[in-house]
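Q: Below is a structure I'd like to ask you about.
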Amino acid sequence: MRQVYPISRSEFLRMGGLGGAALVGGPLLAACTSVVQSTAEKTGEVPATGAQVDLSLRLRVTTSEAQILPGALTQVWRYQGEVLAGDAQALQAIPGSYLGPVLRVKQGQRLRVELVNEVNEQTIVHWHGLHVPSEMDGHPKDAIGPGQTYTYEFTVRNRAGTYWFHPHPHTLTGPQVYRGLAGLLLVTDEEEQALGLPSGEYDVPLVLQDRTLDADNQFVYLPNGMMDRMMGFLGERILVNGQPDFTLTVERRPYRLRVLNGSNARVYKLGWEDGAPLTVIATDGGLLERPVERPYVTLGPAERAELWVDFSTFEAESERRLVSLEWAGSTAGMGGMMGGGMGGMMGGGFDSNPIPDGAAFPVLTVRLGQGVATPGQPPTRLASLERLQESGSVNADNPRRWRLGMSRMTWTINGRTFEMEGVARDEIVKLGTQETWLFDNTGSGGGMGMMGGGMMQMAHPMHVHGVQFQVLGRSVARGAERVWESVSQGFVDEGWKDTVLVLPGEQVRVTMRFEDYPGLFLNHCHNLEHEDQGMMRNYRIDE
């Protein structure tokens, strides 16, 4: 039986979806006028006496409808935001989208967010990439039920950059993101403001996701059942900011494009169809030291890249396509069992035809206006970037190894799956130290599963909560070069990151500091189906 995630119309009306107007049209998020009273409240952090909150928000998780395809409206879940105190423009809509809102904050601001759960499942928000106390991080243990609230309060410590927020309840993260729960959180600081980068309408968020819709225009999730859970969901069409066949109309001048891979499992190899290079100015952890040029940019799920694009070099009234280029795919040793045939055998009966892993496909079309060209160049120096030396790691000679594997058809880290508050002895780190970690996807000692007569390996986008890290190096095992060489020129490892794509047969070495906040944090694969299956472990920072 196919798995479809519309909420019944009676439930939808009962939960107030029609009253929570869609984030469509204007640039500023309309204030919500109806808030369900919570039956219980969980407060993650009690602010210090006299602590001043600079921005106070209410964020409601609710149901709604969106016009995605012609015909019937699609039932979606969305975050509805309201500014309670502070800058009214801190919350902005993504025009024409059920995604969002976009939350704009400044480094050093004290932020308070009241999360209100108005849906029929438990949920919690994770501030992806932010350096916050463990109680503010959105750990699954803090998930709240229907009618409950969770109050966040923290100081924004991050550098200027593109971060995002999404749900993080265990076993439910994939379907809740899939239904529509995702928003961008954009941080600015004095260093960025001095650069004069494109702003306002020339600073454009682009959230890339793939989705499958049925004949009634409703989202279909995991149509291939067991296969989708094991491999990760791949959809039939690409949505940009929640819209199919997306066209970005621009003036002939420089733009800042903030790209988030918001897909559950798909890897993008982004490039211009005509082969022109891309100029990257920022990644997960914010601005780079200086712009870098790539023939294409490789983005695993949850990774971000900011592109500087000077559209003045394009002809007036012309069009240009951003595409995902063909590559060797994120799986290896699958014994020929991938594809719709096997999915149909192991699935729920829905006739799904996803865009194959590694296939080329269009992402969006850029349409140029008629105006006079106003050329520009990105700053030659963007930001001061501290370089962590591996010699500063307490375990530089013996990195903490995280073996990515499979056991009994379940994805694992070091042979283990998620335990809500469980921490093994080798998952404890010391506050105030720097460590080197090694994400090992070679299958050595990781308990790899067998399928179709071959070893089963996949790409895993590994995300570490509570910290930013720097990539020290990558190595690839003999026999795995084909996949690696098809995307490796698109890695941008020069800056700070919070998520790194680890290909089949690859080892990625990173280093990070554990500062400010002790407590329980997560380390997991951001293929959301892998995460929900248990490819996630706690690590604990002890004082």
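Take 1287 as the starting number for the sequence shown in my numbering and just add one per residue. Every residue, glycine too, gets a C-beta built ideally from N, C-alpha and C. Everything numeric in this text was worked out from a predicted model, so none of it was measured.
#1: I'd like the span of the beta strand (DSSP E) that includes Q1837, first residue to last.
#2: Which two residues bound the contiguous beta strand (DSSP E) that contains N1459?
#3: Just the Cα atoms here: how many angstroms apart are F1830 and E1537?
#4: Can you tell me whether V1545 is buried or exposed? The criterion is at least 16 other CB atoms within 10 Å of its CB, across all chains shown.
#5: For the alpha helix (DSSP H) holding D1818, just list the boundary residues, first then last.
#6: Count the other CB atoms, across all protein chains shown, that sit within 10 Å of the CB of N1639; report buried if there are 16 or more and exposed otherwise.
#7: Can you check whether the CB of V1753 is closer than 9 Å to the CB of D1784?
#8: Suppose contacts are defined by Cβ-Cβ distances below 9 Å. Is V1473 in contact with V1391 by that definition?
#9: Taking the alpha helix (DSSP H) that D1514 falls in, what are its first and last residues?
#10: Within this structure, are the beta carbons of R1552 and E1592 separated by less than 9 Å?
#11: Could you check where the beta strand (DSSP E) with R1768 kicks off and where it finishes?
#12: Quick check: the Cα distance between D1423 and G1805, rounded to an integer number of angstroms?
#13: Can you name the start and end residues of the beta strand (DSSP E) that E1478 belongs to?
#14: Just to confirm before moving on: does the CB-CB distance between N1527 and V1583 stay below 9 Å?
#15: Going by beta-carbon coordinates alone, are Q1837 and W1697 separated by less than 9 Å?
#16: I'd like the list of long-range same chain contacts for V1709, defined as Cβ closer than 6 Å, with 5 residues on each side in sequence excluded.
#17: Of all the options E1771, T1719, N1727, G1644, which has the alpha carbon lying nearest to the alpha carbon of F1755?
#18: Determine the burial state of I1430: buried for a count of at least 16 other Cβ atoms within 10 Å of its Cβ, exposed for fewer.
#19: Throw me the rounded Cβ distance for the H1454 and P1426 pair, which I believe falls under 8 Å.
#20: From this set, T1728, L1377, R1667, L1814, which residue's C-alpha is nearest A1480's C-alpha?
#21: Helix or strand or just coil, what does DSSP make of V1388?
#22: From which residue to which residue does the beta strand (DSSP E) around K1716 run?
#23: Could you tell me the alpha carbon to alpha carbon distance between T1437 and Q1395, rounded to whole angstroms?
#24: Let me check understanding here. Comparing Cα to Cα, which of V1796, L1808, V1769, E1476 lies closest to P1790?
#25: Return the Cβ separation of Q1504 and Q1361 in integer angstroms, given the expectation that the two are a contact with Cβ distance under 8 Å.
#26: Would you check if there are 3 or more beta carbon pairs closer than 8 Å linking the stretch 1569–1586 to the stretch 1510–1524?
#27: Assuming E1771 contacts I1641 (C-beta within less than 8 Å), just tell me the rounded distance between them.
#28: How would you label D1373, buried or exposed, when you count the other beta carbons within 10 angstroms and need 16 or more for buried?
#29: Apply the 10 Å Cβ neighbour rule to R1673 and answer buried if 16 or more other Cβ atoms are within range, or exposed otherwise.
#30: Restricting to runs no shorter than 3 residues, where is the beta strand (DSSP E) found entirely within the stretch 1545–1629?
#31: According to DSSP, is R1764 part of a helix, a strand, or is it coil?
#32: Taking DSSP's pairing of strands, which residues face R1694 in a bridge?
#33: Less than 9 Å between the beta carbons of G1776 and L1585, yes or no?
#34: For L1422, does the three-state DSSP call read helix, strand or coil?
A: Short version:
#1: What the structure shows of the chain is the stretch from 1287 to 1829, and residue 1837 is not part of that stretch, so it cannot be assessed.
#2: For this step, residue 1459 is matched to residue 173 along the sequence shown. The sequence shown places Thr at residue 1459, not Asn. That residue, T1459, is in no beta strand (DSSP E); its alpha helix (DSSP H) goes 1459–1465.
#3: The chain is shown only over 1287 to 1829; residue 1830 falls outside these bounds and no answer can be derived.
#4: Against the sequence shown, residue 1545 aligns to sequence position 259. So V1545 ends up on the buried side.
#5: Indexing the sequence shown from 1 puts residue 1818 at position 532. Note, D1818: alpha helix (DSSP H), 1814–1819.
#6: Here residue 1639 refers to the residue found at position 353 when the sequence shown is read from its first residue. That one is exposed.
#7: Looking up residue 1784 in the sequence shown gives position 498. Looking up residue 1753 in the sequence shown gives position 467. For D1784 and V1753, yes; Cβs fall inside 9 Å.
#8: Position 187 of the sequence shown, counted from the start, is the residue given in the question as residue 1473. Position 105 of the sequence shown, counted from the start, is the residue given in the question as residue 1391. A contact, by the Cβ cut-off of 9 Å.
#9: Within the sequence shown, residue 1514 is the residue found at index 228, counting from 1. 1512–1517 is the span of the alpha helix (DSSP H), which, as asked, contains D1514.
#10: Working through the sequence shown from its first residue, we reach residue 1552 at position 266. Working through the sequence shown from its first residue, we reach residue 1592 at position 306. Not closer than 9 Å, so no.
#11: Translated into positions along the sequence shown, residue 1768 becomes position 482. Not the beta strand (DSSP E): R1768 falls in the alpha helix (DSSP H), residues 1767–1773.
#12: Sequence index remark: in the sequence shown, residue 1423 carries index 137 (1-based). Sequence index remark: in the sequence shown, residue 1805 carries index 519 (1-based). If you take the alpha carbons of D1423 and G1805, they lie about 10 Å apart.
#13: Within the sequence shown, the letter at position 192 stands for residue 1478. From DSSP, E1478 is part of no beta strand (DSSP E) but of the alpha helix (DSSP H) over 1476–1479.
#14: On the sequence shown, position 241 is the one that residue 1527 refers to. On the sequence shown, position 297 is the one that residue 1583 refers to. No.
#15: Coverage of the chain is limited to positions 1287 through 1829, which leaves residue 1837 absent and any answer about it impossible.
#16: The residue labelled residue 1709 in the question sits at position 423 within the sequence shown. Correct list, in chain order: N1824, R1826.
#17: Along the sequence shown, one-based indexing puts residue 1755 at 469. The shortest Cα separation from F1755 among E1771, T1719, N1727, G1644 belongs to T1719.
#18: Here residue 1430 refers to the residue found at position 144 of the sequence shown. Per the 10 Å Cβ criterion, buried.
#19: Here residue 1454 is taken as the residue at index 168 of the sequence shown, counted from 1. Here residue 1426 is taken as the residue at index 140 of the sequence shown, counted from 1. 6 Å between Cβ atoms; contact.
#20: Stepping through the sequence shown from its first residue, residue 1480 is reached at position 194. Among T1728, L1377, R1667, L1814, the Cα nearest to that of A1480 belongs to R1667.
#21: Taking the first residue of the sequence shown as 1, we reach residue 1388 at position 102. Residue state, collapsed to three classes: strand.
#22: Indexing the sequence shown from 1 puts residue 1716 at position 430. Taken as a continuous stretch (DSSP letters only), the beta strand (DSSP E) holding K1716 covers 1714–1716.
#23: For the purposes of this step, residue 1437 is taken as the residue at position 151 of the sequence shown. For the purposes of this step, residue 1395 is taken as the residue at position 109 of the sequence shown. Using only the alpha carbons, I get a separation of about 16 Å.
#24: The residue labelled residue 1790 in the question sits at position 504 within the sequence shown. When each option's Cα is compared against that of P1790, the closest is V1769.
#25: If you number the sequence shown from 1, residue 1504 lands on position 218. If you number the sequence shown from 1, residue 1361 lands on position 75. Confirmed, Cβ separation roughly 6 Å.
#26: no
#27: Indexing the sequence shown from 1 puts residue 1771 at position 485. Indexing the sequence shown from 1 puts residue 1641 at position 355. With a Cβ gap of about 22 Å, E1771 and I1641 do not count as contacting.
#28: Taking the sequence shown and counting its residues from 1, the one referred to as residue 1373 is at position 87. Burial call: exposed.
#29: Against the sequence shown, residue 1673 aligns to sequence position 387. Looking at its Cβ environment, which holds fewer than 16 other Cβ atoms inside 10 Å, R1673 is exposed.
#30: 1554–1558, 1564–1569, 1572–1580, 1583–1585, 1590–1596, 1605–1610
#31: What you label residue 1764 is simply residue 478 of the sequence shown in a count that begins at 1. Reduced to three states, the DSSP call for R1764 is coil.
#32: Counting from 1 along the sequence shown, the entry for residue 1694 is found at position 408. Partner(s): none; R1694 has no beta bridge.
#33: By 1-based counting over the sequence shown, the position of residue 1776 is 490. By 1-based counting over the sequence shown, the position of residue 1585 is 299. Cβ atoms of G1776 and L1585: closer than 9 Å.
#34: Counted from its first residue, the sequence shown places residue 1422 at position 136. Position check: residue 1422 holds Met in this sequence, whereas Leu was assumed. Looking at M1422 - three-state DSSP - the assignment turns out to be helix.
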